[in-house]
Amino acid sequence: MAPTRSSFQALPLTQNEHRFYFSTIPVDELFPYCFVARRQEDPSQGFQRTLSQDRANDIARYLSAGNGSIPTNVVLSAQPIASLKYIAGSKTLSFLQVERSFLVLDGQHRLWGYSKCTRKHRVPVAIYQGLTRAEEAKLFIDINTNQRGVPAALLLDIKQLADMESVKENIMRVLFDRLNTDGKSSLAGRLSPAKPSPSKISRVAFNRALGGALDSELVRGLEADPLFQLVRNYINAFDAELQDSQLLTRASYFEAMFDIFDEALRLTLGKKKNLKQASIQEIIRTIAKLDFTGQSMTRKEYLVSMQSSLRQSLAVSVDML
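Below, the structure is given as structure tokens:
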């Protein structure tokens with residue numbers, strides 16, 4: 344039995360030496376005829392990465408929710424077996440419904456997400472015609488090197504506009520913005536909201552640092568102003584004691600600082616009965632005096648040093664008995 348030929352409205356476009364077509368095709372009439380040349384499965388001819396089922400499932404859930412959309416097209420390369428034909432008069436593109444008719448050059452996770460979606464959407468596509476395997480691989484490289492993702496810091500910065508912030512993200516955004524502008528904050532002007540910047544803490548690093556610290560029972564339930572004052576006291580205490588003030592804006596050090604946030608505050612409360620900056624300074628003084636000159640350390644390495652110093656300085660001595 345001869346394969347069925349499907350036809351869809353399409354618009355042609357030629358860029359330099361390449362011709363491709365824009366169209367939208369129902370997922371059930373497209374997905375069965377697509378394939379991916381994965382490097383793992385075909386070392387000589389493959390170039391795509393391994394499919395992440397979790398990512399495809401996330402896309403499927405997003406499309407099934409009923410309020411999301413993905414306008415970005417999937418990029419395909421029509422294989423000779425597809426017998427792709429374009430009729431200019433009717434502006435229709437047709438192909439044979441045959442397995443492996445289209446090689447996926449970009450958007451494999453989107454395409455698999457569409458296929459898993461409970462709603463049967465049309466898939467926006469750009470279909471190339473007449474590419475060799477070498478040209479397909481080059482186009483894959485071009486797409487994945489010339490496209491740049493939006494910085495994570497910028498995405499966090501505009502989540503409020505999209506009304507997508509969680510409660511914790513809202514708290515961290517307010518803290519970040521106030522610490523960056525408050526005249527009494529050691530971080531004033533030393534935070535970078537929308538993109539990474541040398542000698543500044545990005546919003547991404549800030550959120551990584553405070554994400555766990557805000558789960559402490561000591562701060563849970565605090566109103567905005569007392570929470571801000573406490574975090575400012577803690578940061579200012581380190582800044583006042585540090586011999587190298589640049590450590591405060593080294594992301595791995597800053598994050599390690601907040602890994603001991605709960606422990607340091609509890610020790611301060613136990614010994615000083617308050618959480619004022621001066622009291623916190625006394626507790627973290629030995630930590631801040633640690634010499635890391637010329638060392639590039641990970642968050643975990645800083646944390647181990649900080650915890651060791653904090654606990655040694657508060658060890659029980661004979662004089663206390």
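Remember, my numbering sits 343 above the position in the sequence shown when you count from 1. A virtual CB, placed ideally from N, CA and C, is assigned to each residue, including glycine.
Query	Result
Under a three-way DSSP split, which group does Arg563 fall into?	coil
Would you kindly work out how many angstroms separate the C-alpha atoms of Leu646 and His464, rounded to a whole number?	49 Å
Is it the case that the Cβ atoms of Leu354 and Phe365 are separated by a distance below 8 Å?	yes
Can you say whether Arg563 is buried or exposed, counting buried as having 16 or more other CB atoms within 10 angstroms of its CB?	exposed
Confirm, please, whether the CB-CB distance from Leu518 to Phe581 is below 8 Å.	no
Where does Ser666 fall in DSSP's three states?	Within the shown structure, residues of the chain are numbered from 344 to 664, placing residue 666 beyond reach of any answer.
Please report the straight-line C-alpha distance between Gly555 and Met515, rounded to a whole angstrom.	11 Å
Using only alpha-carbon positions, find the residue among Ala552, Thr357, Ser426 that is nearest to Ile603.	Ala552
Give the single residue among Leu618, Ala594, Arg575 whose Cα lies nearest to the Cα of Asp520.	Arg575
For Glu360 and Ala469, what's the separation of their Cα atoms in angstroms?	16 Å
Would you decide whether Ile484 is buried or exposed? Buried here means 16 or more other CB atoms lie within 10 Å of its CB.	exposed
Does Pro414 come out as helix, strand or coil in the three-state DSSP assignment?	coil
Among Thr636, Asp525, Thr611, which one has its Cα closest to the Cα of Ile626?	Thr611
I'd like the list of long-range same chain contacts for Asp558, defined as Cβ closer than 6 Å, with 5 residues on each side in sequence excluded.	none
Compare the C-alpha of Glu291 against each of Lys632, Ala425, Leu474, Asn550 and name the closest.	Residue 291 lies beyond the range of the chain shown here (344 to 664); nothing can be said about it.
In angstroms with no decimal places, state the Cα-to-Cα distance between Gly389 and Arg476.	Only weak support is given to the placement of Gly389: the predicted model assigns it a pLDDT of 41, under 50, and the value that follows is read from those uncertain coordinates. Going from the Cα of Gly389 to the Cα of Arg476 covers about 9 Å.
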